[in-house]
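J.:
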Amino acid sequence: MSVKRDTLNQLQENFLFAVVRGSTQEEGYEVSKAVYKGGIKNIEVTFSTPNAEKVMRQLSDEFAGTDMVVGAGTVLDEVAARIAILNGAKFVVSPSYNEKIAKMCNLYTVPYLPGCGSITEVTMALEAGCEVVKLFPGGLLGPGFIKDLHGPIPWVEAMPSGGVSLDNMDKWIANGAWAVGVGSALTKGLKDGGYESVEAAAKEFADKLATILAD
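For the sequence shown, my numbering puts the final residue at 215, and the numbers step up evenly by one.
Below, the structure written as structure tokens:
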């Protein structure tokens, strides 16, 4: 089995992606640790976080040998993709499909999950070798989009990001989500509750997922 496939299998097994947007490098690092402690193991450190690549390197080194999978989000070009990969990112996520990013990730056998909001974009991503696409913005598309997508393209694997909540996660899963990405819902209490609130929010999502899968 390829390294790329191994990574994808681990990402799907973990299922929940924490989309980390820190206002500082330290915040990005601490939020990542808090969500992992709360039970979310796929950590998507976005390039909107200052010195994001340093956060990726720090997490990759500190949590080597664990079930944490560190990746990069908000990757806008192939240069950022390469920087992320060289700093330990095991997957790359972008807000839209980018052919040059796809080629860079293929070169390093790293999974690329491009943001797609239409069947046309999904088809382009599949043609470039992307095995999983990010449905973005998830809140605008809605859970039913996955089911609609599986009509003409039943084999596509899709991960919604943006708009995923405790209240609708079951609907995304019921419609065939490969995984789900959670962002601002994890840090809504950060200002007043600190990193403990982030851990608690992550645990809520992890517990909710366990309940859904047990039904």
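Just so it is clear, CB atoms sit at the ideal spot from N, CA and C, and this is done for glycine as well.
Could you round the C-beta distance between Ala-72 and Val-92 to whole angstroms and report it? I think they count as a contact, below 8 Å.
T.: Here residue 72 corresponds to residue number 72 of the sequence shown, with the count starting at 1. Here residue 92 corresponds to residue number 92 of the sequence shown, with the count starting at 1. 5 Å between Cβ atoms; contact.
J.: Starting from the N-terminal side, write out each stretch of the alpha helix (DSSP H) that is 4 residues or longer and does not extend beyond the segment 30–81.
T.: Qualifying alpha helix (DSSP H) stretches, in chain order: 52–62.
J.: Whose C-beta lies closer than 7 Å to the C-beta of Leu-166 among residues of the same chain, with five residues either side of it excluded?
T.: By one-based count along the sequence shown, residue 166 stands at place 166. Counting only Cβ-Cβ distances below 7 Å, and skipping sequence neighbours, we find Glu-204, Phe-205, Lys-208.
J.: Which residue wins for smallest C-alpha separation from Val-79, given the options Pro-50, Glu-131, Thr-109, Met-104?
T.: Reading the sequence shown from its first residue, position 79 is the one you call residue 79. For the residues Pro-50, Glu-131, Thr-109, Met-104, the minimum Cα distance to Val-79 belongs to Met-104.
J.: Hey, how far is the Cα of Lys-188 from the Cα of Pro-111?
T.: As a position in the sequence shown, residue 188 is number 188, starting the count at 1. As a position in the sequence shown, residue 111 is number 111, starting the count at 1. When rounded, the distance between both Cα atoms is 29 Å.
J.: Nearest to Ala-214 by alpha carbon, out of Lys-191, Glu-44, Ile-173?
T.: As a working note, residue 214 is residue 214 in the sequence shown. Among Lys-191, Glu-44, Ile-173, the Cα nearest to that of Ala-214 belongs to Ile-173.
J.: Using CA atoms only, rank isn't needed, just tell me which of Gly-151, Cys-116, Asp-148 is closest to Gly-138.
T.: As a first step, residue 138 must be located in the sequence shown, where it is residue number 138. Answer by Cα proximity: Cys-116.
J.: Does DSSP classify Val-198 as helix, strand or coil?
T.: Taking the first residue of the sequence shown as 1, we reach residue 198 at position 198. Residue state, collapsed to three classes: helix.
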